[in-house]
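Only one structure is covered here, and it is reproduced in the block below.
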Amino acid sequence: MSAARPYKVWSSDRQIKKSVTASTLADFITKAKEKLGFSSDRPVTVVFEADGTEVDEDDYFQFLPFNTTLMLLGSGDAWKSQSEAVGRDEPDYMMPDGREVSDRLRQLATGLKREITRLITFSNDDLTELAQMSTSALATLLGETETYAQAVQEACQRHLDERAQTSEAMELLKLYHKAREHSPYVEGEETVKRQKFANT
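For the sequence shown, the working numbering puts the final residue at 210, and the numbers step up evenly by one.
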């Protein structure tokens with residue numbers, strides 16, 4: 011039996027979108043019916059959400075890419091184009107193992123695939139998300155090995171640490187500057203020079 015793969019399934023009115031992992035077309039139909047609230051004995055047709063093309067062969071089903079969006083049509087239901095109805099996502103994206111990944115993480119990974127140095131422009135929140143997400147999930151998004159993904163995560167963490175150290179150093183400088191302005195016990199460089207000049 012083929013390994014289970016992630017798909018998305020929409021109701022015919024495009025009001026519900028669910029995630030399904032299935033190994034065969036029959037398995038997909040069974041799970042999709044359950045997710046969309048169809049009775050198990052209700053006849054259905056599986057079509058592509060994008061253009062309404064029917065998927066009725068398991069051999070063809072096996073060649074569909076991960077996260078292909080399909081639609082389940084019951085008797086009397088008709089396929090409608092995207093412009094005719096608006097649906098809602100549940101969830102944003104699924105990995106092959108069924109884990110959900112946000113669209114934001116996908117965007118970040120896409121940016122890194124194009125240019126790894128973009129990492130230094132990411133916000134602290136983005137760096138934290140990348141550093142803390144599953145290494146295998148990041149590897150899949152990057153299209154790279156887990157070793158490479160781990161190196162990316164370590165780079166994210168190092169950059170976070172460096173930013174934290176820089177922030178701490180800046181705070182110390184601010185405190186020192188404030189102390190120079192308000193404390194009679196901290197003499198500025200110009201004051202010391204004037205005292206030396208007066209003593210000569």
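All C-beta atoms in this analysis are idealised placements derived from N, C-alpha and C, irrespective of residue type, glycine included. Bear in mind the structure is a predicted one, so any value in this text is a computation, not a measurement.
Inter-residue spacing [alpha-carbon to alpha-carbon] between residue i and residue j
i    : j    : result
D136 : E156 : 19 Å
L152 : M143 : 13 Å
S33  : F132 : 37 Å
H169 : Y158 : 17 Å
G97  : D23  : The predicted position of G97 is uncertain, since its pLDDT is 44 and thus under 50; a value taken from the coordinates is nonetheless stated next. So the alpha carbons of these two residues sit roughly 8 Å apart.
Y70  : K90  : 23 Å
D99  : L140 : Note that D99 scores 47 on pLDDT, short of 50, meaning its location in the model is unreliable and no value can be drawn from it.
A189 : T176 : 20 Å
D61  : A36  : 21 Å
E172 : H192 : 30 Å
F76  : A119 : 17 Å
E67  : V111 : 29 Å
N134 : V162 : 15 Å
T145 : H187 : 43 Å
D51  : E64  : 20 Å
Status (buried if at least 16 other CB within 10 Å, exposed otherwise) for residue i
i    : result
F38  : buried
K123 : exposed
R15  : buried
L148 : buried
A179 : exposed
L185 : exposed
L80  : buried
Own chain, CB closer than 8 Å to residue i, minus 5 neighbours either side, in chain order
i    : result
R128 : G121 and L122
L46  : V19, S21, I26, K28 and L82
T78  : Y17, K18 and F58
R114 : D136 and E139
Residues near residue i by beta carbon distance below 7 Å, same chain, minus five either side
i    : result
G85  : One detail in the question is off: residue 85 reads as Ser in this sequence, not Gly. Once the five neighbours on either side are set aside, the close Cβ partners of S85 are P53.
A72  : Before going on, a small fix: residue 72 reads as Gln here, not Ala. The answer, listed in chain order, is S12.
C166 : L129, L137, L140 and A141
For residue i, the residue or residues it bridges with in DSSP
i   : result
T78 : Y17
L83 : T55
Chain-order list of residues whose beta-carbon lies under 6 Å from that of residue i (same chain, five-residue window excluded)
i    : result
A42  : V19, V30 and L82
I130 : none
Q160 : T145
- prompt: Unbroken beta strand (DSSP E) runs of length 3 or more, entirely within the region 127-157: which are they?
  reply: none
field: Continuous beta strand (DSSP E) assignments of at least 3 residues falling wholly in the region 25-72
entry: 27-32 and 54-58
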